[in-house]
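**Student:** Quick note on numbering: the numbering used here labels position 636 of the sequence shown as 659, and the sequence is numbered without any gaps.
The beta-carbon is built from N, C-alpha and C at its ideal position, and this holds for glycine as well.
Remember, it's a predicted structure, so these values are computed and weren't measured experimentally.
I am attaching a structure below and will ask some questions about it afterwards.
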Amino acid sequence: MGARCSKLNAILLCGIAQLPIAAFAAQPIIDDKSFEEALPQLDAPPMESIEEWQKAQDAREQAEAPRAEADELLAEPPATDPLLDAPMPPIETFDAEPPPSPTQGNDAEQQSMRYAYRIEGLAGDGEFAELFRRIRQRFEDLSALDDGDGRAENRSGIQARARQDRQLLLDILSGEGFFDATVDLSVDRSGEQAQPVTLVLNVVTGKRYRLGMIAFAAAPVEPIDLITSNFAPKTGDPIIADEIVGAEANVSIKLPENGYPFAKIGQRDILLDSELGTGDYTLPIETGPRSYFGTIITEGKTAFGANHIEVLRRFKTGDLYDARKVDDLQAALVATGLLSTVSVEPVASNETAPDGTPYANLLVRQEAGPPRTIAASAGYSTGQGLRAEGSWTHRNLSPPEGALAANLVLGTQEQAASVSFQRSNAGKRDRNIEITLSALRNDYDAFDALTGRLAGILSYVSTPIWQKKFTYSFGFELLGTYERSYNFGRNLRDRQLYYVGALPVQAGFDTSNDLLNPTKGFRLNLRISPETSLGDGSRVYVRTLLDGSYYKAFNESFVLAARARIGSINGTSRNSLPPSRRYYGGGGGSVRGFGYQQLGPRDPNNDPIGGRSLNEFAIEGRYRFGNFGVVGFVDAGQVYESSLPKFDDWRFGAGIGGRFYTNFGPMRVDVATPINRRPGESRIAFYVSLGQAF
């Protein structure tokens, strides 16, 4: 009744306020009929019961609970701490005892908060099913919630991760063309109380935008489709951020590769039309002048001058500018090993070619590195024992790139000292000339020798930085060697002095993808060396060796590798050959499972004496996992007294190896055993070296 009275009073007061004072005094305020009409009807439906009202309130609170909990969980922290406004306690009541350590107190308070999360709205079997799967995968790869493994120190930690992931998901969706997407956060408490809190990222993707008009604000280029043909996205394609950025990067690369060294890509503009679901794309480009290669200018602490840099380049002045050739020149400068830092960049020139095209000069900034190097290495293999090698090199003693090197080898069965002079890029890129003078001592079961050697070679070979498809070398060797081997005429081992002259020639063809760790392709290498030996009479003969290897990758982890080798010496008998010039088999680079040089014919003392021909074969299965790998292998081979290999009486070795992959090549450890082992042969052979076996 109170509510009705209030309504009536309001009506009355309203009527009073609208009447003039004179009317108020002269006539009744309201007649009886109007008063009755203004009264509310008393036959309205009865009010709901208290029980029904309470049920409605409970249902409403239950429906709003997840949102309320999400708001509470993700609420902003207070701007100020209420404790900061409280007065400080008196000094006499201050507790000087240190606070309890983190391990003290209530264990329940020390436990981190547990949580889980899920994404709603990115599932289904429609046209976007695969796309949504990729979006979810990318989100999981970058998600802070996912990285937290379901635990956080406190509620603020969960809050920070959730907000970060919400923005991450929005960014990923925008990157796939869903610019109208929304992501709301809520909490699912439908499970049991003991279960972790579950955060729900509710996604509404909206429409996916597609490219409308594509335009490039650029001057005309040659050829006229240089820009458009290298921009992959087309009108009607989804606006995918990665594809747009990749296409822009491709244009920025192709322009300098086709004569535009000063091209610059501007900031893109995409105008979205929400009704059509399209975006008109515009990219401003400053192409700069189309240019030819000009002259080379160098500055800084130089290791060599512009004239030698011209030897290293693969282009001539007047050729159309190509950034790939500039990168190639910079890599060649790095490969000299003489520079600590180097950069090559185009600079504008005031000169033009006869056809009016401007030249772009190349500025080479050099900083010469230390020219001297000291290096050392060590290894071990069954049959050769321990071997340590050290060297000192001055890489630019005679500029440009004239190096002097001294080398020392100390081993249980080999000792050597040598000095060599090498001119790299001698008048032509990748052409090397080397002169070597050495003295060495070998002490093997097959022979021991004291040898002096003078050799010269001109070569075009591969290096770890520059692997070439075709390589070659040719040169000369002059040897004086005093060797002991078994003399069948006298039935004993004795020494003999030999003088050997040789003109070795070598050619190689390589399609493999890596010098030290190939996984595909093949290699062929042929070495022919006409030689003459002056010992017991004069002999002229030819040593020939053919190597081939093949590599097949079945997936990223497994590679099958195979190798074959055939060697032959024609023109003289075995006994007329210096023992060090014969063929031997066995060892880490030959047939594993056998000692070094242990295959083939033997003397009455069961020592190997070598032969005039050989054949070898090996097959490996290489499995890699991360920076480590395991290899199983079978090797086979034999050495023969005849000048041509007979391909019979094969000896086999089998084993397993481990690999540790570094940035400069794999470290190799192999253990092998001979199959059908014969008396005197070791059960186990062990090899350690750098690089694969072949």
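Measure how close the beta-carbons of S556 and L600 come, nearest whole angstrom, since I'm counting them as under 8 Å.
**Tutor:** Right, their Cβ atoms sit about 7 Å apart.
**Student:** With distances taken from CA atoms, which of N638, R388, E176 and R137 is nearest T364?
**Tutor:** Of the listed residues, the one whose Cα sits closest to T364 is R388.
**Student:** Rank S414, G392 and P393 by C-alpha distance to the C-alpha of S400 and give the top, closest one.
**Tutor:** With distances taken between Cα atoms, S400 lies closest to S414.
**Student:** From this set, L526, V523, G544 and N540, which residue's C-alpha is nearest F532's C-alpha?
**Tutor:** Checking every option, the nearest Cα to that of F532 belongs to G544.
**Student:** Between the C-alpha atoms of R562 and F499, what's the straight-line distance to the nearest angstrom?
**Tutor:** Whole-angstrom Cα-Cα distance: 17 Å.
**Student:** Within the same chain, show all residues whose beta-carbon is closer than 6 Å to that of S496, passing over the 5 residues directly before and after it, in chain order.
**Tutor:** Only I480, S482 and Q529 meet the Cβ criterion.
**Student:** Note down, in chain order, each residue of its chain lying with its Cβ closer than 8 Å to the Cβ of E704, except the 5 sequence neighbours on either side.
**Tutor:** Here the set comprises F617, G618, Q621 and P697.
**Student:** For F717, count neighbouring C-beta atoms within 10 Å of its own C-beta (all shown protein chains included) and say buried if the count is 16 or more, exposed if not.
**Tutor:** By the neighbour-count rule (16 or more Cβ atoms within 10 Å), F717 is buried.
**Student:** Which runs of the beta strand (DSSP E) spanning at least 3 residues fall entirely within the stretch 176 to 244, listed in chain order?
**Tutor:** Within the stretch 176 to 244, the complete beta strand (DSSP E) runs of at least 3 residues are 205 to 211, 220 to 227 and 233 to 240.
**Student:** State the Cα-Cα distance for the pair T595 and Y606, rounded to the nearest angstrom.
**Tutor:** Between T595 and Y606, the C-alpha separation is close to 13 Å.
**Student:** Inspect the beta-carbon positions of T504 and L473 and report whether they are closer than 8 Å.
**Tutor:** Yes, these two residues count as a Cβ contact at 8 Å.
**Student:** Got a sec? Which residues, its chain only, sit under 7 Å from S443 by beta carbon, not counting five neighbours each side?
**Tutor:** So the list reads A428, E457, I458 and T459, once near-sequence residues are dropped.
**Student:** Using only CA atoms, which one of I276, T301 and N225 lies nearest to D260?
**Tutor:** Among I276, T301 and N225, the Cα nearest to that of D260 is on T301.
**Student:** Within 10 angstroms of its Cβ, does E368 collect 16 or more other Cβ (buried), or is it exposed?
**Tutor:** Exposed, by the Cβ-count rule.
**Student:** Report yes if the C-beta distance between I589 and N629 is below 8 Å; otherwise report no.
**Tutor:** In this structure, N629 does not lie closer than 8 Å to I589 by Cβ.
**Student:** Compute the beta-carbon to beta-carbon distance between S572 and R647, rounded to the nearest angstrom, for a pair I have assumed lies under 8 Å.
**Tutor:** That pair is no contact at about 18 Å.
**Student:** Leaving aside the five residues before and after R516 along the sequence, list all residues of the same chain whose C-beta is less than 6 Å from its C-beta, in chain order.
**Tutor:** Excluding sequence neighbours, R516 sits near R507 and Y509.
**Student:** Less than 8 Å between the CB atoms is what I'm expecting for A286 and E271, so what's the real figure, rounded?
**Tutor:** About 12 Å; that fails the 8 Å criterion.
**Student:** Please go through the same chain and pick out, in chain order, the residues whose beta-carbon is closer than 8 Å to the beta-carbon of V370, but skip the five residues on each side of it.
**Tutor:** Excluding sequence neighbours, V370 sits near I320, A383, N384, L385 and L386.
**Student:** Considering only residues of the same chain and omitting the five flanking positions on each side of G678, which have a CB-CB separation below 7 Å?
**Tutor:** Hits under 7 Å: R615, G616, F656, D693, V694, A695 and T696.
**Student:** Rounded to whole angstroms, what is the Cα-Cα separation between S314 and Q445?
**Tutor:** S314 and Q445: Cα-Cα distance of roughly 38 Å.
**Student:** Among A440, R597 and T486, which residue has its Cα nearest to the Cα of N465?
**Tutor:** Nearest C-alpha to N465: A440.
**Student:** State buried or exposed for V226, treating a residue as buried only when at least 16 other CB atoms are found within 10 Å of its CB.
**Tutor:** Buried.
**Student:** Just the C-alpha distance for Y684 and T318, rounded to the nearest angstrom, thanks.
**Tutor:** Looking at the two C-alpha atoms, the distance is approximately 42 Å.
**Student:** Only counting the same chain, and skipping five residues up and downstream in sequence, which positions put a Cβ closer than 8 Å to that of P161?
**Tutor:** One detail in the question is off: residue 161 reads as Arg in this sequence, not Pro. Same-chain partners within the cutoff: I195.
**Student:** Pick from R157, G633, T221 and K277: whose alpha carbon is nearest that of D248?
**Tutor:** Answer by Cα proximity: K277.
**Student:** What are the residues that DSSP puts in a beta bridge with N548?
**Tutor:** DSSP lists G531 and D570 as partners of N548.
**Student:** Grab me the residues of Q353's own chain with a C-beta within less than 8 Å of its C-beta, minus the 5 sequence neighbours each way, in chain order.
**Tutor:** Excluding residues within five positions, the ones whose Cβ falls inside 8 Å are V365, S366 and V367.
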